[in-house]
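Read the sequence shown against my numbering and you will find it ends at 436, with the numbers running on by one and no gaps.
Even glycine gets a Cβ: it sits at the ideal position worked out from N, Cα and C.
Single-structure report; data block below.
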Amino acid sequence: MSNTYIKSLPEQIGQTVRIQGWVTHFRSSGKIHFIILRDGTGVVQCVVAGTGVSQVGFSQWEEIGTETAISVEGLVRADPRSPMGVEISATEIGLQGQSLDYPIAPKEHGTDFLMAHRHLWIRSPRQASILRIRATIVRAIRGFLDSHGFIVADPPILTPAAAEGTTTLFGIDYFGDPAYLSQSGQLYMEALAMALGRVYSFGPTFRAEKSKTRRHLTEFWMVEPEMAFVEFEENLRWQEQLVEFVVAQVLGECGDDLLSIGRDLAPLRRVKAPFPRITYDQALGRLADLNMEIPWGEDLGAPHETALAEQFDRPVFITHFPTKLKAFYMQPDALRPEVVLAADLLAPEGYGEIVGGSQRIHELSLLEDRLTEHQLSPEVYSWYLDLRRYGSVPHSGFGMGLERVVAWIAGLDHVRETTAFARTLNRVWP
Ligand code: 4AD
Ligand code: MG
7 MSNTYIKSLP
17 EQIGQTVRIQ
27 GWVTHFRSSG
37 KIHFIILRDG
47 TGVVQCVVAG
57 TGVSQVGFSQ
67 WEEIGTETAI
77 SVEGLVRADP
87 RSPMGVEISA
97 TEIGLQGQSL
107 DYPIAPKEHG
117 TDFLMAHRHL
127 WIRSPRQASI
137 LRIRATIVRA
147 IRGFLDSHGF
157 IVADPPILTP
167 AAAEGTTTLF
177 GIDYFGDPAY
187 LSQSGQLYME
197 ALAMALGRVY
207 SFGPTFRAEK
217 SKTRRHLTEF
227 WMVEPEMAFV
237 EFEENLRWQE
247 QLVEFVVAQV
257 LGECGDDLLS
267 IGRDLAPLRR
277 VKAPFPRITY
287 DQALGRLADL
297 NMEIPWGEDL
307 GAPHETALAE
317 QFDRPVFITH
327 FPTKLKAFYM
337 QPDALRPEVV
347 LAADLLAPEG
357 YGEIVGGSQR
367 IHELSLLEDR
377 LTEHQLSPEV
387 YSWYLDLRRY
397 GSVPHSGFGM
407 GLERVVAWIA
417 GLDHVRETTA
427 FARTLNRVWP
């Protein structure tokens, strides 16, 4: 008999099938045994009644522990009480992989214990829901960009120089020469935008962030669209449309997963473009009204971002940051060169910055000056300067951090649950 998946059982009522999976729960009541089985596509109860059931590969029912892998043959029956609407009357149970003393019990474990057992923790229903939501977000991002004519192109991970400032680079020994793990593919995406017009990358980036917060990973995924002939305003419109689309897709496809992990859907339903915009200067004014003054030129911290985001019912752009706060490549405002044509998009509900983007400097001499000011070597960036020597045009782009978006949409307390194996300041294991 060929195997079937649990998710297709509702279409096979009245048929005899064979499924394979892992036991999440086993209970006996006299001669009747109840097995809750999960196979990654769904969860179903298998009822083992009486003595006419063949046991293959084991003799004692006590050998069927939590996370034991088994196969079940049986009749699919309609059962209105079960979440899937079906259960299985088993005729044969076959042992595939023993599991005794599974370390994760249905009780409260500490975060350290769970993270140390992350290779097993991902089997729990909540973690599986989060990983499915993440997969839906990835598909939505790609779907949106692919359908709007963006060409996916992949920048290198091993790079000779910094894109975002030198403090958070992971250095490596590249056959005797220094190299770094990419902290952003942006500079390469600018080269690719001059070749293909509208492009994006989507892959891992690395930052040796010494921050132990609920939003920082040392390895995270970023989607980085870059667009030739696009200026500041249009850049913001692409960002808000992308975010609106992604949230709508997740609401449409992952309703059950969102509800099962306890996400309040009302704030997500309000995520509709256009998003409000305030300048950095206005943000400082709003913060002063809240008795949270910061001097002009200083960066917004997490509490400031949260306080500002709370004043809006959807994501909000903070624009026109002080030039000296931001990366070397950002285009200054023509009327006020002390600020740049950059924006951060803050998510609601205290999730902070999810997107950072800007118009890029397209004039050679200004970019050369900026490299000098930032004490970056013009030789190392010579290929990047070439982009301003040969047909330079205004262009813009942005980077959206996948894990921050997953944390926000799924309503998670910490980014460590947004990815299968999170890398943080104090954990690279398992
Ligand atoms: O604001 P950032 O540093 O921007 C850039 O890297 C630009 N080069 C992007 C571009 O314009 N192409 O990072 C972009 C986003 C942030 O808004 C945040 O969502 C995420 O990347 N991010 C992190 N996510 C998790 N852990 C970290 N340590 C992160 N650092 C940034
Ligand atoms: Mg940023």
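The beta carbon of Leu15 is closer than 8 angstroms to those of Val23, Ile25, Gly48, Val50, Val82, Met90, Val92 and Ile94 in its chain, skipping five residues each way along the sequence. The beta carbon of Ser190 sits closer than 7 angstroms to at least one heavy atom of the ligand 4AD. Arg221 has its CB nearer than 7 angstroms to a heavy atom of the ligand 4AD. Between the ligand 4AD and the CB of Gly405, the shortest heavy atom gap is smaller than 7 angstroms.
Taking the Cβ of Gly307 as the reference point, every heavy atom of the ligand MG lies at 7 angstroms or farther away. Judged by DSSP in its simplified three-state form, Ser35 adopts strand. Rounded to the nearest whole angstrom, the CA to CA distance from Arg44 to Ala75 is 10 angstroms. Scanning Ala201, Val252, Glu240 and His222 for the CA closest to the CA of Glu359 turns up His222. Segment contact: the segment 392-409 against the segment 222-241, three or more CB-CB distances shorter than 8 angstroms; contact assigned. The continuous beta strand (DSSP E) containing His401 extends over residues His401 to Gly407.
For Pro89, the secondary structure class from DSSP, reduced to helix, strand or coil, is coil. Sequence-distant Cβ neighbours of Asp270 in its own chain, meaning closer than 8 angstroms and more than five residues away, are Gly417. Per DSSP, the beta bridge partners of Ser207 are Glu230.
Take Lys13, set aside five residues on each side of it, and the residues of its chain with a beta-carbon closer than 7 angstroms to its own are Thr47 and Gly48, in chain order.
The ligand 4AD has no heavy atom closer than 7 angstroms to the beta-carbon of Val252. Within a 10 Å sphere around the beta-carbon of Phe181 sit fewer than 16 other beta-carbons, which makes this residue exposed. In this structure, Asp305 lies away from Ile324, with their beta-carbon atoms at least 8 angstroms apart.
For Gln18, the CB contacts under 6 angstroms within the same chain, skipping 5 residues up- and downstream, are Val82 in chain order. If you measure from each CB to the nearest heavy atom of the ligand MG, the residues under 7 angstroms come out as Asp350, Glu359 and Gly362.
Shown here for Leu352: same chain residues with a beta carbon closer than 7 angstroms to its own, the five before and five after excluded, namely Glu311, Leu314, Ala315, Pro321, Val322, Ile324, Gly358 and Glu359 in chain order. Looking only at Gln317, Arg243, Ala348 and Ser371, the smallest Cα-Cα distance to Asp295 is reached by Gln317. Boundaries of the beta strand (DSSP E) harbouring Phe323: Val322 to Thr325, taken from the DSSP string.
Closest in alpha carbon position to Val144, among Leu431, Thr57 and Thr424, is Thr424. Pro184 is bridged by DSSP to Asp179.
For the pair Asp375 and Ala141, the Cα-to-Cα distance works out to about 42 angstroms. With a beta-carbon spacing of about 7 angstroms, Val229 and Leu408 fall inside the 8 angstroms limit used to define contacts. In this structure, Val386 sits near Pro166, with a CB-CB distance shorter than 8 angstroms. The three-state reading of DSSP puts Glu225 in strand, counting E and B together. Between the C-alpha atoms of Asn9 and Ile99 there is a straight-line separation of about 13 angstroms. Contact between Val54 and Ile139 does not hold, since the beta-carbon distance rounds to 34 angstroms and is not under 8 angstroms.
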